[in-house]
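These protein sequences, in sequence, are chains Z and E.
Each residue of the first sequence is one higher than the one before, starting from 1 at the first, in my numbering.
Each residue of the second sequence is one higher than the one before, starting from 362 at the first, in my numbering.
Each residue gets a CB set at the ideal place from its N, CA and C atoms; glycine is no exception.
Here the structure comes first, spelled out in structure tokens, and everything after it is commentary.
2 protein chains.
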Amino acid sequence: MDPRIRTHAETIVDHSTSIESGDDVVISMPAVAEDLAVALHELLGDRGANPVYLHNSERASRAFLRASDDDFETPAHQLALFEEADAFVIARGGPNVSEQGDVSPETNAAYRRAMRPVLDERLEKRWCLTQFPSSGHAQLAGMSTEAYENFVWDAVTLDWEAQREHQARMVEILDGANEVRIRSGDETDVTMSVAGNPTLNDYGEHNLPGGEVFTAPVKESVEGYVHFDLPLYRKGKEIEDARLRFEDGRVVGHSAERNEDVLTGILDTDEGARYLGELGIGMNRSIDQFTYNMLFDEKMGDTVHMAVGNAYADTVGEENERNESAEHVDMIVDMGEDSVIEVDGEVVQRNGTFVFEDGFE
Amino acid sequence: MDPRIRTHAETIVDHSTSIESGDDVVISMPAVAEDLAVALHELLGDRGANPVYLHNSERASRAFLRASDDDFETPAHQLALFEEADAFVIARGGPNVSEQGDVSPETNAAYRRAMRPVLDERLEKRWCLTQFPSSGHAQLAGMSTEAYENFVWDAVTLDWEAQREHQARMVEILDGANEVRIRSGDETDVTMSVAGNPTLNDYGEHNLPGGEVFTAPVKESVEGYVHFDLPLYRKGKEIEDARLRFEDGRVVGHSAERNEDVLTGILDTDEGARYLGELGIGMNRSIDQFTYNMLFDEKMGDTVHMAVGNAYADTVGEENERNESAEHVDMIVDMGEDSVIEVDGEVVQRNGTFVFEDGFE
């Protein structure tokens, strides 16, 4: 086994999810990530924690979804599993990122609605989403499998304490702020309130790699238009150049240059899918290339992202309404050129450089 | 996908576990059996049933068990999963049947004790144990992988209705009988009561392939000695020539020519592991070779098997005590030569041929 896999597992168990004796842990991994699952089992045994090992198989999910009639129910056994769990570790990675490319957006939306209680339960636990460097994601990134392994394992073994300190400066700016305005080129100019909503510092806990600060917009405060100029993969389909227009927080207009129907399916999942659940600012400069993988791309230093759908409970203050949805889909704006982030009228980032970084003008 | 895999899946879903709309199903498969899992997911989607897909990984189990300190607890999340499930499908098969060969018998026994409530819960459901024709089991059988595939898929797609009728004749003989005596060569002569205990006809439901009739001995009635002259694999170790001596139902003496410590570990799991939980008579003549795999070997036509440990609840009559244990380990006696089965003093099988078959003398 590559020794970096054991390091990866240690980071998950000790840093991301703080596993302790007696913890009931659910592990969900694709078959290709069996080495990582083995390393995790070894650590859980050592810590006195109890694993349940799910096979995260996109081939099986696709077969199930395509054969169904879209009349899904919440599976009581799966819900019970997560209700009784203390922690959840899920790895992405598989031989073919397009494996679910022929599942209809309507089916995916119906399934996510039925799975909503399971999703909510998972988010109540200590959880970590990570990546195994599989051939499918290497191909998506246009990299050899070995180069992609280096990329992934370098990214997950960052000095997370230093990263936490770097990001804390941006958390300070956003925490207690009122209005955030994001402008980029001619097609992005959006304002939103974050008043009363805490900003979280993601340094490799829920996401591994981490590297962003994020909060929830006040639900009905979002106004303006956004051109998400970086693409995203969603169930094996690339959505390019998504554009959203907001009034009173709600998406009232949308388009995409490619796979617009997939974007429509996302927005039609439920009413909450038409509101933003997250504003995130990428701050991980060790992720130095775009790999068509949101787990990494949204953390890149010169980007902001917004997610339609569910807001994380701990990013919503007690006075504010939490946006709830079965969806949570992140979309990215490249802030490298002709772009500014303003907080309460002050420019805090220009062309990707933060106010507290060298080179800010 | 080999079309026989879809046939295998159909047999599991429609014949073995009778899956219906709304059923919550747990599937547990090794990675190599992903095709079978995909075929099962397709059928569950079609039927309106809900899958949870566990990865049955011996590498992960081994890593967990070896790293632990043998102080196991029953995992609440796994128990909850099975409590809420309606059906359970588990496939054996992996690249290396010796994968757990370096886990100590004491660790295995301690783990099985902790998992006992989960095992009990599983047995309360509709369940099916089957085999995927993996390279590891092919090697164990001394067969090429392709020849082993043919062997497995021929065995699971038997005409189960005809098999049921064939076996029903032996069920008639045992149901309502009192004493069963089994003699083979000089080293096996054991008597036991089956009075009041129902005999079940296994035609491919809980076991796929099926092909036996079985009941539970009355717990304290077993007297005599048995030489299990066919070997068994247990957690990657071959136990050869196990010998057990019974008094008042209890194993009071045991030995094995090879891996006796594994046998000792089994018997020491708990008090119930020293009593028989099952008497089975193999009746599947389509399984025409010994493959060192109990799921097949115990069904062979010229054999009987006895299991130390847990008795299946539906093989124990209301008047009788059920033997309970975290273990259930089948061991086989070859009845092909110099052997008889007597029921209430009447010979019902001689040298492998039943009284209702051609060639009985």
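Residue range 411-416 is occupied by the beta strand (DSSP E) that includes E:N411. Taking C-beta atoms under 8 Å as the contact rule, Z:F214 and Z:E278 qualify, at a distance of about 6 Å. Counting only residues of its own chain and dropping the five nearest sequence neighbours on each side, E:G565 has a CB closer than 8 Å to the CB of T372, H376, S377, V517, L519, W521, Q524, G571, G572.
Rounded to whole angstroms, the Cβ separation of Z:P217 and Z:V252 is 15 Å, and the two are not in contact under 8 Å. Interface flag for E:G406 against chain Z is set, since a Cβ pair is found closer than 9 Å.
By the rule that beta-carbons nearer than 9 Å mark a contact, Z:H8 does not touch chain E. Here Z:Q167 is buried. Its C-beta has 16 or more other C-beta atoms within 10 Å.
Around Z:R243, the same chain offers H227, S255 as residues with beta carbons nearer than 6 Å, after the five sequence neighbours per side are excluded. Below 8 Å, enough C-beta pairs join the region 61-71 of chain Z and the region 403-417 of chain E to call them touching: three or more. By the criterion of at least three beta-carbon pairs nearer than 8 Å, the region 234-243 of chain Z is not in contact with the region 300-309 of chain Z. With respect to Z:W153, Z:R350 sits apart: the two C-beta atoms are not nearer than 9 Å. With its beta carbon at least 9 Å from every one in chain E, Z:D102 lies outside the interface. If you look at E:S465, you'll find it isn't in any beta strand (DSSP E); DSSP assigns it neither H nor E.
For E:E526, the secondary structure class from DSSP, reduced to helix, strand or coil, is helix. Around the beta carbon of Z:S57, a 10 Å sphere encloses 16 or more other beta carbons of the protein chains shown; the residue is thus reported as buried. Under the three-state reduction of DSSP, E:F425 is assigned to helix. Contact of E:D385 with chain Z by beta-carbon distance below 7 Å involves P75, A76, H77. Residue pairing by DSSP puts E:L605 in a beta bridge opposite E:V587, E:H615.
Under DSSP, the beta-bridge partners assigned to Z:K237 are Z:R234. Of all C-beta pairs linking the region 65-81 of chain Z to the region 436-445 of chain E, three or more are shorter than 8 Å, placing the two stretches in contact. Just measuring C-alpha positions, the residue of E:A448, E:V551, E:T435 sitting nearest E:I380 is E:A448. The beta-bridge partner set that DSSP reports for Z:S193 consists of Z:E179. Proximity of chain Z to E:E395 at the Cβ level (cut-off 8 Å) is accounted for by A31, H55, S57, R59, A60, in chain order. According to DSSP, residue pairing for E:M661 in a beta bridge involves E:N645.
Annotated as distal: E:R542 and E:F493, with beta-carbon spacing of 9 Å or more. Three or more beta-carbon pairs separated by less than 8 Å link the region 496-504 of chain E to the region 649-656 of chain E, which places the two stretches in contact. In terms of beta-carbon proximity, E:L484 stays away from the interface with chain Z, with every pair separated by 9 Å or more. Only exposed fits Z:G345, as fewer than 16 other CB atoms lie within 10 angstroms of its CB.
Annotation: Z:R322 to E:E485 spans about 42 Å, alpha carbon to alpha carbon. Just so you know, the alpha carbons of E:Y586 and E:S429 end up roughly 37 Å apart. Check the Cα spacing between Z:T191 and each of Z:L276, Z:P51, Z:H328, Z:L129: the tightest is with Z:L276. Nearest C-alpha to Z:E337 among Z:G352, Z:A326, Z:V348: Z:G352. Residue range 126-131 is occupied by the beta strand (DSSP E) that includes Z:L129. Under the 9 Å criterion on CB atoms, Z:R66 is classed as interfacial with respect to chain E.
Ranked by how close their Cα comes to the Cα of E:K580, the residues E:A668, E:I648, E:G720, E:V393 have E:A668 in first place.
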